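Participant:
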Amino acid sequence: MLTKFRFLTAGESHGKCLTAIIEGIPSGFEIDPDFINAELKRRQGGYGRGARMSIESDTVEITSGVRFGKTLGSPVTLVIQNKDWENWQKIMSACADDVTDEKAFTKCRPGHADYAGSIKYNTKDLRDILERSSARKTAIEVAVGAVAKMILKQFDITCSFKILQIGNAKENFEAEIDRAKEAGDTLGGKFEIIYQNLPVGLGSHVHWDRMLDGKIAQAVMSVPAVKSVTIGNHHAYKMTGSEYHDQMYLENGEIIRKTNNAGGLEGGMTNGQPLVVTAVMKPIPTLRKPLNTVDLSNMTECEAHFERSDTCAVEACSVVAEARIACVLADELLLKFGGDSLAEMQKR
Ligand code: EPS
Numbered sequence: 227m228l229t230k231f232r233f234l235t236a237g238e239s240h241g242k243c244l245t246a247i248i249e250g251i252p253s254g255f256e257i258d259p260d261f262i263n264a265e266l267k268r269r270q271g272g273y274g275r276g277a278r279m280s281i282e283s284d285t286v287e288i289t290s291g292v293r294f295g296k297t298l299g300s301p302v303t304l305v306i307q308n309k310d311w312e313n314w315q316k317i318m319s320a321c322a323d324d325v326t327d328e329k330a331f332t333k334c335r336p337g338h339a340d341y342a343g344s345i346k347y348n349t350k351d352l353r354d355i356l357e358r359s360s361a362r363k364t365a366i367e368v369a370v371g372a373v374a375k376m377i378l379k380q381f382d383i384t385c386s387f388k389i390l391q392i393g394n395a396k397e398n399f400e401a402e403i404d405r406a407k408e409a410g411d412t413l414g415g416k417f418e419i420i421y422q423n424l425p426v427g428l429g430s431h432v433h434w435d436r437m438l439d440g441k442i443a444q445a446v447m448s449v450p451a452v453k454s455v456t457i458g459n460h461h462a463y464k465m466t467g468s469e470y471h472d473q474m475y476l477e478n479g480e481i482i483r484k485t486n487n488a489g490g491l492e493g494g495m496t497n498g499q500p501l502v503v504t505a506v507m508k509p510i511p512t513l514r515k516p517l518n519t520v521d522l523s524n525m526t527e528c529e530a531h532f533e534r535s536d537t538c539a540v541e542a543c544s545v546v547a548e549a550r551i552a553c554v555l556a557d558e559l560l561l562k563f564g565g566d567s568l569a570e571m572q573k574r
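First residue of the sequence shown: 227, per my numbering; consecutive thereafter.
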């Protein structure tokens, strides 16, 4: 869907590394690896993460497209090594001679990609599905998002997030997460992301697939475990038109609004107000307290597979969602003002 800021990622959760190739960044944009690494650290944090996060310390290597700290206009390649790969080399080997059923599993985890993936990709070993469906791949997506954020930064576009709810808790999230952990259970939650300082007119009303609300919803909805995305006031369904719509006034010749129920988008375009996106993450589907499921190897009922898991990853999820939105906004900026260099873009 992204047409100017395009990227592909590759990599399995316990494979050697995660890779992304980004194409379409004009020359002259500053790329700071320390900023990318700080974003990666944010994604690894948050209360409720599991043992895997103490193994990984994600850092990016830039292997193409940047010279002396600035983009060249050529594809930018990013790589993050999986430290845990050391422990999984044989199990994740690409070599046919190394075939093993160590770490294979056939007991689907309800809520994960295991069941549908095994049928779609015709495999009995659910590890073949788990490895790519794992949220591990979001590390490289956050690195790509950090590059997108550096594009946004050149135009003073900034971002913030807030956790609104974890399980039933609207404050004291840690106690709620501790309770779930003790019970061998997991939790989801709700978060809000705000992008400030966007120019008026990103996106378009003229065709369904150019509407920015649709693009943002797709980008956030496809973050692992996200089940709903809202732009602006999520009570819109119960408000009247006169309560909901953001009326316009003049102040010193400038148009102002006293509310932002539309969340910064009208007619699929930015309207100069902050972009406000909220999303709901479901509870993580890998549980220590086992869920009932079916073993696909012998079609018997059993308890779902469990190795290790996070109890709650809502904060990480919001960092990933921020990154995804950054990619959409960078794409829109390039569509509207794009050129081959930062200087050309700034002139426009
Ligand atoms: C995940 C399972 C866990 C999480 C992982 C997502 O990994 P493992 O199977 O190695 O214990 O830690 O998240 C990450 C590795 C990460 O970097 O966020 C899953 O099944 O989705």
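The beta carbon of each residue, even a glycine, is placed where N, CA and C say it ideally should be.
Here the structure is a predicted model, which is why all the values come from computation and not from measurement.
DSSP beta-bridge partners for Glu527?
Facilitator: Counting from one through the sequence shown, the residue named residue 527 turns up at place 301. Per DSSP, Val520.
Participant: Please work out which residues of its chain come closer than 6 angstroms, Cβ to Cβ, to Lys375, disregarding the five sequence neighbours upstream and downstream, and give them in chain order.
Facilitator: The residue labelled residue 375 in the question sits at position 149 within the sequence shown. Result list for Lys375: Ala552, in chain order.
Participant: Does ligand 1 have even one heavy atom less than 6 angstroms from the beta-carbon of Ser544?
Facilitator: Here residue 544 corresponds to residue number 318 of the sequence shown, with the count starting at 1. Result no, Cβ not under 6 angstroms from ligand 1.
Participant: Assuming contact is defined by CB atoms lying nearer than 7 angstroms, are Val305 and Thr289 in contact in what I supplied?
Facilitator: Counting from one through the sequence shown, the residue named residue 305 turns up at place 79. Counting from one through the sequence shown, the residue named residue 289 turns up at place 63. Yes, the Cβ-Cβ distance between Val305 and Thr289 is below 7 angstroms.
Participant: Is Thr297 closer than 7 angstroms to Ser253 when the C-beta atoms are compared?
Facilitator: What you label residue 253 is simply residue 27 of the sequence shown in a count that begins at 1. What you label residue 297 is simply residue 71 of the sequence shown in a count that begins at 1. Contact flag set, yes.
Participant: Helix or strand or just coil, what does DSSP make of Ser454?
Facilitator: Locating residue 454 in the sequence shown gives position 228, counting from the first residue. Ser454: strand per DSSP, three-state reduction.
Participant: With a cut-off of 8 angstroms on the beta carbons, I'd call Ala372 and Ala549 a contact; round off their distance for me.
Facilitator: Here residue 372 refers to the residue found at position 146 of the sequence shown. Here residue 549 refers to the residue found at position 323 of the sequence shown. About 7 angstroms separates the two Cβ atoms, so the contact holds.
Participant: Please look up how many angstroms separate the CB atoms of Ile377 and Phe261, rounded, as I've assumed it's under 8 angstroms.
Facilitator: Counting from 1 along the sequence shown, the entry for residue 377 is found at position 151. Counting from 1 along the sequence shown, the entry for residue 261 is found at position 35. No, Ile377 and Phe261 are not in contact; Cβ-Cβ is about 12 angstroms, not under 8 angstroms.
Participant: Sorted by chain position, which residues of the same chain lie with C-beta nearer than 7 angstroms to Gly498's C-beta, five sequence neighbours on each side aside?
Facilitator: Counted from its first residue, the sequence shown places residue 498 at position 272. Once the five neighbours on either side are set aside, the close Cβ partners of Gly498 are Val426.
Participant: State the DSSP-derived secondary structure class of Met571, mapped to helix, strand or coil.
Facilitator: Along the sequence shown, read from residue 1 onward, the residue named residue 571 stands at position 345. Three-state DSSP puts Met571 in a helix.
Participant: For the alpha helix (DSSP H) containing Leu244, name the first residue and the last one.
Facilitator: Residue 244 sits at position 18 when you count from the first residue of the sequence shown. Looking at the DSSP string, Leu244 is not in any alpha helix (DSSP H); the run it does join, the beta strand (DSSP E), is 243 to 249.
Participant: For Cys385, which residues from the same chain have a beta carbon less than 6 angstroms from its beta carbon, with the 5 sequence-adjacent residues on both sides left out?
Facilitator: Here residue 385 is taken as the residue at index 159 of the sequence shown, counted from 1. Once the five neighbours on either side are set aside, the close Cβ partners of Cys385 are Tyr421, Glu548.
Participant: From which residue to which residue does the alpha helix (DSSP H) around Ser468 run?
Facilitator: Within the sequence shown, the letter at position 242 stands for residue 468. 467 to 470 is the extent of the alpha helix (DSSP H) around Ser468.
Participant: Where do the N-terminal and C-terminal ends of the beta strand (DSSP E) with Met207 fall, by residue?
Facilitator: Nothing in the structure corresponds to residue 207, since the chain is present only between 227 and 574.
Participant: Can you tell me which of the three DSSP states Val325 falls into?
Facilitator: Counting from one through the sequence shown, the residue named residue 325 turns up at place 99. Coil.
Participant: Helix, strand or coil for Phe231? Go by DSSP, reduced to three states.
Facilitator: If you number the sequence shown from 1, residue 231 lands on position 5. Phe231 falls in the coil class under three-state DSSP.
Participant: Start and end of the alpha helix (DSSP H) containing Ser386?
Facilitator: Indexing the sequence shown from 1 puts residue 386 at position 160. Careful: Ser386 lies outside any alpha helix (DSSP H), inside the beta strand (DSSP E) at 384 to 392.
Participant: Measure how close the beta-carbons of Val292 and Val546 come, nearest whole angstrom, since I'm counting them as under 8 angstroms.
Facilitator: Translated into the one-based positions of the sequence shown, residue 292 becomes position 66. Translated into the one-based positions of the sequence shown, residue 546 becomes position 320. Their Cβ separation, rounded to whole angstroms, is 23 angstroms, which puts Val292 and Val546 out of contact at 8 angstroms.
Participant: Is it buried or exposed for Glu397, if we count other Cβ within 10 angstroms and need 16 for buried?
Facilitator: The sequence position of residue 397 within the sequence shown is 171, counting from 1. Exposed is the label assigned to Glu397, since fewer than 16 other Cβ atoms lie within 10 Å of its Cβ.
Participant: Can you tell me which of the three DSSP states Val506 falls into?
Facilitator: For the purposes of this step, residue 506 is taken as residue 280 along the sequence shown, with counting starting at 1. Val506: strand per DSSP, three-state reduction.
Participant: Do Ala365 and Leu244 have their beta-carbon atoms positioned less than 7 angstroms apart in this structure?
Facilitator: Position 18 of the sequence shown, counted from the first residue, corresponds to residue 244. Position 139 of the sequence shown, counted from the first residue, corresponds to residue 365. Contact: yes.
Participant: On the DSSP letters alone, give me the boundaries of the alpha helix (DSSP H) that Gln307 sits inside.
Facilitator: Here residue 307 corresponds to residue number 81 of the sequence shown, with the count starting at 1. First-last for Gln307: 302 to 307, but that is the beta strand (DSSP E), not the alpha helix (DSSP H).
Participant: Beta-carbon within less than 7 angstroms of His460's beta-carbon, same chain only, minus the 5 sequence neighbours each way: which residues are those?
Facilitator: Translated into positions along the sequence shown, residue 460 becomes position 234. Only Thr504 meet the Cβ criterion.
Participant: For the beta strand (DSSP E) containing Val426, list its first residue and its last residue.
Facilitator: Taking the sequence shown and counting its residues from 1, the one referred to as residue 426 is at position 200. First-last for Val426: undefined, no H or E at that position.
Participant: What are the residues that DSSP puts in a beta bridge with Arg358?
Facilitator: Mapped onto the sequence shown, residue 358 falls at position 132. Partner(s): none; Arg358 has no beta bridge.
Participant: For His431, count neighbouring Cβ atoms within 10 angstroms of its own Cβ and tell me buried if that reaches 16, exposed if not.
Facilitator: For the purposes of this step, residue 431 is taken as residue 205 along the sequence shown, with counting starting at 1. Exposed, since its Cβ has fewer than 16 Cβ neighbours within 10 Å.
Participant: Which ranges would you report for the alpha helix (DSSP H) in the region 396 to 421 if only whole runs of at least 4 residues count?
Facilitator: 399 to 408
Participant: Rounded to a whole number of angstroms, what is the C-alpha to C-alpha distance between Gly565 and Val554?
Facilitator: Position 339 of the sequence shown, counted from the first residue, corresponds to residue 565. Position 328 of the sequence shown, counted from the first residue, corresponds to residue 554. For Gly565 and Val554, the distance between alpha carbons rounds to 17 angstroms.
Participant: Relative to ligand 1, is the shortest distance from any of its heavy atoms to the C-beta of Gly276 smaller than 6 angstroms?
Facilitator: As a first step, residue 276 is located in the sequence shown; it is residue number 50 there, counting from the start. Result yes, Cβ under 6 angstroms from ligand 1.
Participant: Three-state secondary structure (DSSP) at Leu513?
Facilitator: By 1-based counting over the sequence shown, the position of residue 513 is 287. In the structure shown, Leu513 sits in coil (DSSP, three-state: anything other than H, G, I, E or B).
Participant: Asn524: which of Glu541, Lys350, Leu559, Lys484 sits nearest, CA to CA?
Facilitator: Mapped onto the sequence shown, residue 524 falls at position 298. Checking every option, the nearest Cα to that of Asn524 belongs to Lys350.
Participant: Return the CA-CA distance between Phe294 and Lys515, expressed in angstroms with no decimal places.
Facilitator: Numbered from its first residue, the sequence shown carries residue 294 at position 68. Numbered from its first residue, the sequence shown carries residue 515 at position 289. Phe294 and Lys515: Cα-Cα distance of roughly 51 angstroms.
Participant: Return the first residue and the last residue of the beta strand (DSSP E) that Ser448 is part of.
Facilitator: Position 222 of the sequence shown, counted from the start, is the residue given in the question as residue 448. Following the DSSP letters along the chain, one finds Ser448 in no beta strand (DSSP E), marked with neither H nor E.
Participant: Can you tell me whether Arg483 sits near ligand 1, meaning its C-beta is under 6 angstroms from at least one heavy atom of the ligand?
Facilitator: Position 257 of the sequence shown, counted from the first residue, corresponds to residue 483. Checking the Cβ of Arg483 against ligand 1 gives no.
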